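FYI, the numbering for the sequence shown is 4 to 213, going by the numbering used here. Read the structure below first, then the notes.
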Amino acid sequence: AGLSAADVLECENSGAVTGSGTSIGGIVGEQQSTGYVEYCTNTAAVTNNSEGYGTGGIVGWLRYSESAANYQRKSRIYVQYCMNNGSIAGGYDGGGIVGTAYNNALVEDCLNTAEFITGNTFAAGIVGNMQCTETVSVEEGDAPIENNILVTHNCSATAIENITAANTAPYAYDNDSAGETMRAVENYASIEEWLSAGYGSWYPVVSAAN
């Protein structure tokens, strides 16, 4: 999918993806303002030949905007139970699972094993660039969302020396000077540790299928 505001489930890509501009992804280019991306696998290289935002193994850009009238259905965007092992050559930012996560997203229980991840400005093993520019009022059930962007319980096995950009992080680069709206917590650098911690229960099934 180039542009999606729907649920994208149980999809697999094994063909190289190359683009010039924003929102280049192995499964979804841009996920806008709502939807789930779950149980998806990318096994091919994703390359951005420009300096545009958002190059990721599963989703290029998670782009949430409360003010955009074109997308009247709005809820937190979820990327869960996904796997990437294609190398990422990002434009502005590159991520093993998501290139850019913007304003409101949960990226949870995903696995990245890319050989290398690059970006001009930002690069990281799970989310290359976390950024918040507006206040989000969406609630989960009866509880307000405490972290606009949360990256948790993921595994990135890409060696840190193979993640290259002006600004890098092993899991998610926090591009927020306030540092209060985005968090990357409880992520893992080895598949063994990740599975031992009780995550990745979907992983052996997906791996066997592929």
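All C-beta atoms, glycine included, are put in the ideal place defined by N, C-alpha and C. The structure displayed is predicted, hence computed values, not measured ones.
First and last residue of the beta strand (DSSP E) that includes residue i?
i: I194; result: Run containing I194: none in the beta strand (DSSP E); it sits in the alpha helix (DSSP H), I194 to S199.
i: A172; result: N170 to A172
i: N132; result: V130 to Q134
i: T116; result: No beta strand (DSSP E) contains T116, which DSSP labels as neither H nor E.
Tell me, which residues are paired with residue i by DSSP?
i: W64; result: E33 and T103
i: G94; result: In the DSSP output, where bridge partners are listed per residue, G94 has none listed.
i: R186; result: L153
i: D179; result: Paired residue(s): none; D179 is not in a bridge.
i: Q83; result: E41 and E111
For a test of the three-state rule: what should DSSP assign to residue i, helix, strand or coil?
i: E41; result: strand
i: E164; result: helix
i: A211; result: Note on A211: pLDDT 47, under 50, position unreliable in the model; the coordinate value appears next. A211: helix per DSSP, three-state reduction.
i: Y206; result: helix
Give me the Cα-Cα distance between residue i and residue j, rounded to the nearest whole angstrom.
i: G24; j: A192; result: 30 Å
i: N178; j: A127; result: 12 Å
i: T184; j: G94; result: 25 Å
Would you mind giving the Cβ-Cβ distance between residue i and residue j, rounded to the nearest angstrom? I have them listed as a contact below 8 Å.
i: N165; j: I120; result: 7 Å
i: L65; j: V82; result: 7 Å
i: G29; j: G102; result: About 10 Å separates the two Cβ atoms, so there is no contact after all.
i: N107; j: N73; result: 16 Å between Cβ atoms; not a contact.
Quick one: does the C-beta of residue i sit closer than 7 Å to a heavy atom of the ligand HEM?
i: A9; result: Ligands are entirely absent from the displayed structure, and the ligand HEM is therefore not among its contents.
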